[in-house]
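Residue numbers (the numbering used here): 5 to 480.
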């Protein structure tokens, strides 16, 4: 394969993986409610920040990422690596003065938005292509540099008049990518690939007031991650390696990042090494209508909350960042049918059962591809023989029913901390419940709980199974 053909094919594979890589790159970039004034948007960029080494020594941030994974390259294979990160651009807002000059202001109010100072993130990429054979021994070192730069953008009002300007400044940053490989001992020819990304910027704070994280970010590599592709051969899964490779995988050192197989499921020639731990072959949900930058929430909640912002809040969000403005427009213009799809989707059921059969009458599957059986999985009429207030269950050969007092003994199964704290406490049984799988559960209120009466009134009990309690001595 020629270098040009490999570059074209690699770009095509990287393009698919970048859908997930972009989610890593912009994770937490701007959080709901998408305004610079929001408290959660004042401490930004928590993932993959590689700070200048002269500053990182004084804090808990890191100046490098170290990736190790296993690969089985074929003869003559080439490795293509793409390091991606954000370069912070500090934006200053200025208002036009009557004399033709400009003055720096805290905000500039326009009809459709409110412009405020903000740190934007510009995407940067560094590419390295090297034959695998060159990685053996000392490997390959690739330094890179991004110079300081400044640009000015005029701000126009609705009539086209200049009412201000935006000043954006990027500080100089530099870094190094180190790639090396070493053959593993064993019956199979496999290599341990090491990829190290370092921030080598020589910036150090000149004064104590410049020593904070905010001052270091413009000199940092933000949300750093890398994509690696083989022209021929495959990588081994670090999550689910073959039996013969488990020892070698366990010996790999991954610091501040974690490599997973990327691209289409079933392929193994592409790796994404990310500061956010992912599973193999991560993918963006097809229902997702666009980037919302806040993966701590689900798309449905974010879309509804964003659409409910006041007009003034939306004006400030639009002026905060172009990406925040796009989120506002997305929420405001989202069709009802798209919003409904965000409520949830079932995919694992179909994967587990395979294609559902088609009935002779064509009655199922339904429009969502879910099989509808002839009889329901649960018949309400089957509950006629159960009465939670009258039913009883045997515990150590003794009947337990509503009103019985028991001693709680959690810990035989998946028990949370709240249950463990109740170990040894006595409780009163409020009901004996049966589930559709034939299991029995005791609804209880803890003796001495000042909120027991409220729990009874609202029907909010604690639940234990019969083997998690014993009959209280005074109730025996």
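Glycine included, each C-beta is placed from N, C-alpha and C at the ideal position.
Checklist entry - Counting pairs of Cβ atoms below 8 Å between the segment 120-129 and the segment 179-189, do you hit three or more? => result The segment 120-129, when compared against the segment 179-189, does not touch it at the 8 Å Cβ threshold.
Item to check | Three-state secondary structure assigned by DSSP to residue 207 | outcome: On the chain shown, position 203 is the one that residue 207 refers to. Residue 207 falls in the coil class under three-state DSSP.
Checklist entry - What separation, rounded to the nearest whole angstrom, lies between the Cα atoms of residue 126 and residue 171? => result Here residue 126 corresponds to residue number 122 of the chain shown, with the count starting at 1. Here residue 171 corresponds to residue number 167 of the chain shown, with the count starting at 1. Cα to Cα, residue 126 sits roughly 15 Å from residue 171.
Next on the checklist: Taking the alpha carbon of residue 282 as the reference point, which residue from 46, 16, 24, 15 has its own alpha carbon closest?
Outcome noted: By 1-based counting over the chain shown, the position of residue 282 is 278. Of 46, 16, 24, 15, the residue nearest in Cα terms is 24.
Item to check | Proximal residues to residue 343 (C-beta, below 8 Å), its chain only, five neighbours per side dropped | outcome: Within the chain shown, numbered from 1, the residue matching residue 343 stands at position 339. For residue 343, where only same-chain residues beyond five positions count, the Cβ hits under 8 Å are 304, 307, 308.
Next on the checklist: Which residue marks the beginning of the alpha helix (DSSP H) containing residue 136, and which one marks its end?
Outcome noted: Numbered from 1 along the chain shown, position 132 holds the residue referred to as residue 136. Where residue 136 is concerned, the enclosing alpha helix (DSSP H) stretches over 136-139.
Checklist entry - With DSSP run on the structure shown, which of helix, strand or coil describes residue 7? => result Locating residue 7 in the chain shown gives position 3, where the first residue counts as 1. No answer about residue 7 holds up, because its pLDDT of 44 lies below 50 and its placement is not dependable.
Item to check | For residue 106, the three-state DSSP class (helix, strand or coil) | outcome: Start at 1 with the first residue of the chain shown, and residue 106 comes out as number 102. Strand at residue 106.
Checklist entry - Got a sec? Which residues, its chain only, sit under 7 Å from residue 396 by beta carbon, not counting five neighbours each side? => result What you label residue 396 is simply residue 392 of the chain shown in a count that begins at 1. Here the set comprises 403, 404, 405, 436.
Next on the checklist: Assuming the contact rule is C-beta atoms closer than 8 Å, residue 426 and residue 414 should be a hit. Round their C-beta distance to whole Å, please.
Outcome noted: Position 422 of the chain shown, counting from 1, holds the residue named residue 426. Position 410 of the chain shown, counting from 1, holds the residue named residue 414. At roughly 7 Å, the Cβ-Cβ gap stays under 8 Å, so residue 426 and residue 414 are in contact.
Item to check | Residues that DSSP places opposite residue 36 in a beta bridge | outcome: Your numbering for residue 36 matches position 32 in the chain shown. None, per the DSSP bridge assignment.
Checklist entry - Are the C-beta atoms of residue 248 and some chain B residue less than 8 Å apart? => result Among the chains in the structure shown there is no chain B, since it carries only a single protein chain.
Item to check | Buried versus exposed, by CB contacts within 10 Å (16 or more), residue 467 | outcome: Counting from 1 along the chain shown, the entry for residue 467 is found at position 463. By the 10 Å Cβ count, residue 467 comes out exposed.
Checklist entry - Which one or two residues does DSSP pair with residue 75 in a beta bridge? => result Residue 75 sits at position 71 when you count from the first residue of the chain shown. Residue 75 pairs with 195, 239.
Item to check | Whole-number beta carbon distance between residue 28 and residue 280, since they are thought to touch under 8 Å | outcome: For the purposes of this step, residue 280 is taken as the residue at position 276 of the chain shown. For the purposes of this step, residue 28 is taken as the residue at position 24 of the chain shown. Right, their Cβ atoms sit about 6 Å apart.
Item to check | Sequence-distant residues of the same chain with beta carbon closer than 7 Å to residue 372, five excluded per side | outcome: Counted from its first residue, the chain shown places residue 372 at position 368. Because the pLDDT of residue 372 is 47, which lies under 50, any placement of that residue in the model is unreliable, and the question is left without a value.
Item to check | Backbone secondary structure at residue 247 - three-state DSSP | outcome: Taking the first residue of the chain shown as position 1, residue 247 is located at position 243. In this structure, residue 247 counts as helix in the three-state DSSP scheme.
Item to check | Proximity of residue 330 and residue 291 at Cβ, strictly below 8 Å | outcome: Counting from 1 along the chain shown, the entry for residue 330 is found at position 326. Counting from 1 along the chain shown, the entry for residue 291 is found at position 287. For residue 330 and residue 291, no; Cβs fall outside 8 Å.
Item to check | Option nearest residue 197 by Cα separation, candidates 336, 74, 394 | outcome: As a position in the chain shown, residue 197 is number 193, starting the count at 1. Checking every option, the nearest Cα to that of residue 197 belongs to 74.
Checklist entry - Since residue 425 is in the alpha helix (DSSP H), which residue starts that stretch and which ends it? => result Working through the chain shown from its first residue, we reach residue 425 at position 421. Where residue 425 is concerned, the enclosing alpha helix (DSSP H) starts and stops at 421-425.
Item to check | Residue burial classification, residue 394 (beta-carbon count within 10 angstroms, cutoff 16) | outcome: Translated into positions along the chain shown, residue 394 becomes position 390. So residue 394 counts as exposed.
Checklist entry - Helix, strand or coil: how does DSSP classify residue 155 here? => result Sequence index remark: in the chain shown, residue 155 carries index 151 (1-based). Looking at residue 155 - three-state DSSP - the assignment turns out to be strand.
Item to check | Contact the segment 241-257 vs the segment 104-112: 3+ CB pairs below 8 Å | outcome: In the pairwise beta carbon analysis, the segment 241-257 is classified as not touching the segment 104-112: fewer than three pairs are separated by under 8 Å.
Checklist entry - Rounded to the nearest angstrom, how far is the Cβ of residue 185 from that of residue 139, given a contact under 8 Å? => result Within the chain shown, numbered from 1, the residue matching residue 185 stands at position 181. Within the chain shown, numbered from 1, the residue matching residue 139 stands at position 135. Sure, about 4 Å apart at Cβ, within 8 Å.
Item to check | DSSP bridge partner residues for residue 174 (one or two, in chain order) | outcome: On the chain shown, position 170 is the one that residue 174 refers to. Answer is 93, 153, bridged to residue 174.
Next on the checklist: Under DSSP, the alpha helix (DSSP H) around residue 461 begins and ends at which residues?
Outcome noted: Here residue 461 refers to the residue found at position 457 of the chain shown. From DSSP, the alpha helix (DSSP H) with residue 461 extends over 456-462.
Checklist entry - Would you call residue 273 buried or exposed, if buried means 16 or more other Cβ atoms sit within 10 Å of its Cβ? => result Sequence index remark: in the chain shown, residue 273 carries index 269 (1-based). It is buried - the Cβ of residue 273 has at least 16 other Cβ atoms within 10 Å.
Checklist entry - Does DSSP classify residue 124 as helix, strand or coil? => result Here residue 124 corresponds to residue number 120 of the chain shown, with the count starting at 1. The answer is strand: DSSP assigns residue 124 an E or B state.
Checklist entry - What residue ranges within the segment 261-344 form continuous beta strand (DSSP E) runs of no fewer than 3 residues, ordered along the chain? => result Within the segment 261-344, the complete beta strand (DSSP E) runs of at least 3 residues fall at 262-265, 274-278.
Item to check | Inter-residue Cα distance where the pair is residue 68 and residue 428 | outcome: The sequence position of residue 68 within the chain shown is 64, counting from 1. The sequence position of residue 428 within the chain shown is 424, counting from 1. Each residue's alpha carbon lies about 50 Å from the other.
Item to check | Residue burial classification, residue 210 (beta-carbon count within 10 angstroms, cutoff 16) | outcome: Within the chain shown, residue 210 is the residue found at index 206, counting from 1. Answer is exposed; the Cβ neighbour count stays below 16.
Item to check | Of the listed residues 341, 94, 223, nearest to residue 155 (C-alpha basis) | outcome: Taking the chain shown and counting its residues from 1, the one referred to as residue 155 is at position 151. That would be 94, whose Cα lies nearest to the Cα of residue 155.
Item to check | Close beta carbons around residue 478, own chain, < 8 Å, minus the five adjacent residues each side | outcome: Indexing the chain shown from 1 puts residue 478 at position 474. Answer for residue 478: 409, listed in chain order.
Checklist entry - With 16 as the cutoff for other CB atoms within 10 Å, does residue 263 come out buried or exposed? => result By one-based count along the chain shown, residue 263 stands at place 259. Residue 263 should be labelled buried.
Checklist entry - Between residue 46 and residue 38, what straight-line distance do the alpha-carbon atoms span, to the nearest angstrom? => result For this step, residue 46 is matched to residue 42 along the chain shown. For this step, residue 38 is matched to residue 34 along the chain shown. Those two C-alpha atoms are separated by around 11 Å.
Checklist entry - Considering only residues of the same chain and omitting the five flanking positions on each side of residue 439, which have a CB-CB separation below 8 Å? => result Position 435 of the chain shown, counted from the first residue, corresponds to residue 439. Excluding residues within five positions, the ones whose Cβ falls inside 8 Å are 445.
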